[in-house]
Amino acid sequence: MSLTAAPTKDTEYTEIGKKSLIHDPRSGNDNKITLARARGSRVWDDQGQEYLDFTSQAWSNNLGANDPRVVEAAIAQLREITHARPNFNTAVLLELTAKLREITPGDLNRIGYCLHGSLAVEMAIKLAFKNKPGANNLIVLQDAYHGRSITTMAASWPHPNNPFLAISPRFTRVPHPDPYRPRLGMDIEAESKLCLHLLEETITKGVDGSVAAIMLEPIMGNGGHIVLPVSFHKGVRDICNRHGIVLIWDEIQSCFGRTGAMFAADYYGIQPDIMTFGKGIGGGFPLAGIFASDKLNGFDAGEDALTFGQFPVAMAAAVATVDAIISDKLCDNARRLGEYATERLLEMAKHRKLIGHVRGPGLFVSIELVKDRASKEPACKAAEEVYRRGVQKGVLFGDSRYAGLGNLIKLKPPLDCTIADMSTALDVLDEVLASIEADNIA
Ligand code: PMP
Numbered sequence: 011m012s013l014t015a016a017p018t019k020d021t022e023y024t025e026i027g028k029k030s031l032i033h034d035p036r037s038g039n040d041n042k043i044t045l046a047r048a049r050g051s052r053v054w055d056d057q058g059q060e061y062l063d064f065t066s067q068a069w070s071n072n073l074g075a076n077d078p079r080v081v082e083a084a085i086a087q088l089r090e091i092t093h094a095r096p097n098f099n100t101a102v103l104l105e106l107t108a109k110l111r112e113i114t115p116g117d118l119n120r121i122g123y124c125l126h127g128s129l130a131v132e133m134a135i136k137l138a139f140k141n142k143p144g145a146n147n148l149i150v151l152q153d154a155y156h157g158r159s160i161t162t163m164a165a166s167w168p169h170p171n172n173p174f175l176a177i178s179p180r181f182t183r184v185p186h187p188d189p190y191r192p193r194l195g196m197d198i199e200a201e202s203k204l205c206l207h208l209l210e211e212t213i214t215k216g217v218d219g220s221v222a223a224i225m226l227e228p229i230m231g232n233g234g235h236i237v238l239p240v241s242f243h244k245g246v247r248d249i250c251n252r253h254g255i256v257l258i259w260d261e262i263q264s265c266f267g268r269t270g271a272m273f274a275a276d277y278y279g280i281q282p283d284i285m286t287f288g289k290g291i292g293g294g295f296p297l298a299g300i301f302a303s304d305k306l307n308g309f310d311a312g313e314d315a316l317t318f319g320q321f322p323v324a325m326a327a328a329v330a331t332v333d334a335i336i337s338d339k340l341c342d343n344a345r346r347l348g349e350y351a352t353e354r355l356l357e358m359a360k361h362r363k364l365i366g367h368v369r370g371p372g373l374f375v376s377i378e379l380v381k382d383r384a385s386k387e388p389a390c391k392a393a394e395e396v397y398r399r400g401v402q403k404g405v406l407f408g409d410s411r412y413a414g415l416g417n418l419i420k421l422k423p424p425l426d427c428t429i430a431d432m433s434t435a436l437d438v439l440d441e442v443l444a445s446i447e448a449d450n451i452a
């Protein structure tokens, strides 16, 4: 629809802008906060209201927002060259690649870039299939989240009423262990063994043809913050070795210090064949990609090239971000602050019965709210209220609206968050939970 008259005031732009956005315009857009400024662990809205941002904007500002080193590096790059198609290298592309090679685990020495996690996952899938000619299956986990492109949606937890199914690839989903809700009263190690057994049976009897890759998030994020046990990871690695299957770890959420280690692969001491990265690397600029084993063949011309896939400004921001994560020892800070947060949350759980479970590691922190600790029934209304009342008290907690899994509250501030800010956010959380319990909301 075209406008009949040009808007004259900012407020008119705001209203027209809100009505015209295509993403979910009728349900909730009006309640969205309009952000105007960000610095470190704080953001300000267009009315000047300040918030502690414990979402790091989709857990992406691992280095606090608008870090001056990142901003300066991006500006310096802007003055030189802002765009180069993939047929060309830029100095900053090569610098970033050489730097990343120094920190990637094991032999993950080949690096490819794009601008979004979903496309990084697609790149990983493409590389796996390229290296397993003739294979026709990809195995993923049942509560996975790998993105929102058509392919990565299909690889994710079955989206209720997914309108794109007719044109989606079909992947095979297998069960995984869940430490909070183990099946049939099993302990987590027994469940881990059972899931490995079912995975191997799926490879040998559950699919036609051969399997190119098994893809998983080492710590499952959007599908419910499920911390997979090390025994499961070791077992999957072993199965991939025995069957000649490529192991893809989707580290888009766990990479660059979020778990208290540079990568979840370091945290678990497991070596995937391909690892995706995204979110935290760009210091707020869009950047994602893959690290791949030296053993794998790379892409040939035309197989994976995106016009803006090697955006020099994001690369410069990433060089500054990675330097800062290392020099400021942010992995250590994430570990220390994460321990402080989880200890306090466990303490809080003693008097706030809504808290069913506390999860880490590092600053990959969340609590699961339940109506009742025995039944573990999700307390989704309470979680919504935590988010709403947190906003009123100046703290943005992470909520999870993904596919009806609405009872997690995530505390994932930047890795350079201070103990004072963490303490404030936890005090607010305790107050908010107390008021929600008093109002009998679950
Ligand atoms: N994989 C994982 C594990 C993620 O958490 C996400 C984003 N939440 C993605 C892939 C998709 O990334 P993007 O939104 O940048 O496409």
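Each residue of the sequence shown is one higher than the one before, counting from 11 in our numbering. Every residue, glycine too, gets a C-beta built ideally from N, C-alpha and C.
Met133 counts as buried, since at least 16 other C-beta atoms from the protein chains shown sit within 10 angstroms of its C-beta.
The beta-bridge partner set that DSSP reports for Trp54 consists of Arg47, Glu60.
CA-CA distance, His367 to Val401, rounds to 23 Å.
In the DSSP assignment, Asn141 falls within the unbroken alpha helix (DSSP H) covering 127–141. Within the same chain, Cβ atoms closer than 6 Å to the Cβ of Arg47 are found at Trp54, the five residues on either side in sequence being excluded. Taking C-alpha positions only, Val396 is separated from Ser178 by approximately 35 Å. At a cut-off of 4 residues, the continuous stretches assigned as alpha helix (DSSP H) that sit fully inside the region 182–227 are 198–211. DSSP, reduced to helix, strand and coil, places Trp167 outside both helices and strands of the structure shown, so it counts as coil. Inter-segment contact for the region 320–339 and the region 66–73 is present: three or more beta-carbon pairs are separated by less than 8 Å. A straight-line Cα-Cα distance of about 39 Å links Arg383 and Ile135.
Per DSSP, the beta bridge partners of Pro388 are Val380.
In this structure, Thr286 is the residue among Leu443, Thr286, Val380 with its C-alpha nearest to the C-alpha of Leu110. In this structure, Glu447 has its CB at a distance of at least 6 Å from all heavy atoms of the ligand PMP. With the rule of 3 Cβ pairs closer than 8 Å, the region 149–161 counts as touching the region 170–187. Counted as a single uninterrupted DSSP element, the stretch harbouring Thr286 is not any alpha helix (DSSP H) but the beta strand (DSSP E) occupying residues 284–287. Annotated three-state conformation of Tyr155 is coil, per DSSP. Around the beta carbon of Ser66, a 10 Å sphere encloses 16 or more other beta carbons of the protein chains shown; the residue is thus reported as buried. When secondary structure is reduced to three states using DSSP, Lys420 falls in the strand class.
According to the DSSP assignment, Arg369 belongs to the beta strand (DSSP E) that extends over 365–369.
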